[in-house]
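Below: one structure, written as structure tokens.
Residue numbers (the UniProt record's numbering): 1 to 293.
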């Protein structure tokens, strides 16, 4: 090797070593994605997209300040929203919590499922928003503290828009590659009230047999494979929702409930009782094994 090339080769080796070192330093020192909601963090978010899901329900996608941002919301938590409805004569703003459909690992945006309630100023205002409009988000509201790997088998029973916390929870379980088996029962009054059917199908496909979803349609105008009627003790037992022996042996260790007040009362008893009543008590679920979102 010539005397001219020898120092050049040595310098190239030094540069390569420095480059490799810099790559390692960057990999370990790379800043974590920012979180949008951490504690009390009131702020406006811009509405990025709107999708009409059925006759009275929309999906609203709100963009985070940066495309790599994470929500910072723990699994199963909700977020409190504030609005000054322009569609009513109210002087005071309205408040309403919503559980995002998106999971803690979703970057860049937050999806909310919003059902329109006749005469409801908050939902009416949200349904009037267009892409580019903003909504004020106050702070996170923690819910059931989900612990990965704690349960072997759970059940989720939802009615109507009550699928929201269930879908977020089960998506999180599947994304986390947990071994928890999940039985989901969703009840609606009629076929046109169904929302998130495609999304549930995607979760089932991704879960590899660990998630089972049944739709119960009250008026019998659902799709092939849907059950007709109401969510009853007999139907739940037929679908495999069972408290098993005392202590949880043989059935689900925990059951999560979210739906209209009448449905929740039928399942767990009157509000304020904390569970331990209703249909789920007949199936062997004590109040310590029932959580109402």
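Built from N, CA and C at the ideal position, the CB exists for glycine as well.
Because the structure is a prediction, the values reported are computed rather than measured.
Pairwise C-alpha distance: residue j and residue i
i, j, result
"residue 130", "residue 146", "34 Å"
"residue 168", "residue 73", "11 Å"
"residue 237", "residue 183", "12 Å"
"residue 223", "residue 216", "10 Å"
"residue 142", "residue 77", "5 Å"
"residue 27", "residue 67", "Caution applies to residue 27, whose pLDDT of 43 falls short of 50 and renders its modelled position unreliable; the value that the coordinates give is listed next. Cα to Cα, residue 27 sits roughly 20 Å from residue 67."
"residue 111", "residue 79", "11 Å"
"residue 118", "residue 81", "19 Å"
"residue 171", "residue 268", "25 Å"
"residue 23", "residue 176", "In this prediction, residue 23 scores a pLDDT of 46, lower than 50, which makes its location untrustworthy; no coordinate-derived value is stated."
"residue 281", "residue 157", "14 Å"
"residue 266", "residue 34", "42 Å"
"residue 230", "residue 198", "22 Å"
"residue 208", "residue 75", "21 Å"
"residue 270", "residue 277", "8 Å"
"residue 64", "residue 47", "10 Å"
"residue 166", "residue 106", "16 Å"
"residue 161", "residue 264", "13 Å"
"residue 233", "residue 206", "29 Å"
"residue 201", "residue 218", "21 Å"
"residue 299", "residue 127", "Residue 299 cannot be examined here, being either before or after the span of the chain that is shown, 1 to 293."
"residue 150", "residue 71", "24 Å"
"residue 120", "residue 136", "18 Å"
"residue 228", "residue 287", "28 Å"
"residue 29", "residue 96", "Its pLDDT being 47, under 50, residue 29 is placed unreliably in this model, and the value from its coordinates should be taken loosely. If I take the Cα positions, the gap works out to 39 Å."
"residue 155", "residue 185", "8 Å"
For residue i, the nearest candidate out of the options (CA to CA)
i, options, result
"residue 108", "222, 167, 69, 255", "69"
"residue 173", "118, 47, 243, 211", "211"
"residue 226", "213, 162, 232", "213"
"residue 91", "97, 83, 76", "83"
"residue 98", "160, 158, 45, 164", "164"
"residue 45", "56, 61, 34", "61"
"residue 203", "103, 89, 52", "103"
"residue 42", "166, 134, 285", "134"
"residue 94", "123, 37, 186, 196", "123"
"residue 144", "255, 279, 262", "255"
"residue 178", "148, 36, 185", "148"
"residue 132", "279, 50, 228", "50"
"residue 101", "234, 59, 239, 187", "59"
"residue 116", "155, 200, 137, 52", "52"
"residue 239", "287, 187, 220, 221", "187"
"residue 138", "235, 40, 221", "40"
"residue 235", "279, 287, 120", "279"
For residue i, the first and last residue of its enclosing beta strand (DSSP E)
i, result
"residue 138", "134-141"
"residue 171", "Here residue 171 belongs to no beta strand (DSSP E); instead the alpha helix (DSSP H) covers 163-175."
"residue 183", "181-188"
"residue 295", "Here the chain covers residues 1 to 293 and nothing more, so residue 295 does not appear."
"residue 196", "Residue 196 -> no beta strand (DSSP E), and no H or E assigned at all."
"residue 292", "290-292"
"residue 256", "254-258"
Contact test: residue i Cβ vs the ligand NAD heavy atom, cutoff 7 Å
i, result
"residue 200", "As presented, the structure is devoid of all ligands, the ligand NAD included, so that no description of it is given."
CB-CB length for residue i against residue j, believed under 8 Å
i, j, result
"residue 253", "residue 153", "6 Å"
"residue 292", "residue 257", "5 Å"
"residue 180", "residue 125", "Their Cβ separation, rounded to whole angstroms, is 37 Å, which puts residue 180 and residue 125 out of contact at 8 Å."
"residue 57", "residue 195", "5 Å"
"residue 89", "residue 193", "The pair is not a contact, with the Cβ atoms about 30 Å apart (cut-off 8 Å)."
"residue 191", "residue 260", "Not quite, the Cβ-Cβ distance comes to about 17 Å (not below 8 Å), so this is no contact."
"residue 262", "residue 251", "About 25 Å separates the two Cβ atoms, so there is no contact after all."
"residue 285", "residue 140", "Residue 285 to residue 140, Cβ: 28 Å. No contact."
Residue range of the unbroken alpha helix (DSSP H) whose run includes residue i
i, result
"residue 266", "261-268"
"residue 34", "Residue 34 -> no alpha helix (DSSP H), and no H or E assigned at all."
"residue 279", "278-282"
*Would you list, in sequence order, the uninterrupted beta strand (DSSP E) runs of no fewer than 3 residues that lie entirely inside the region 198-242?*
Fully enclosed beta strand (DSSP E) runs of 3 or longer: 211-217.
*Hey, which unbroken runs of the beta strand (DSSP E) at 3 residues or more fall wholly within the UniProt domain "FAD-binding FR-type" (40-147)?*
Fully enclosed beta strand (DSSP E) runs of 3 or longer: 43-52, 57-63, 78-83, 94-98, 109-115, 134-141.
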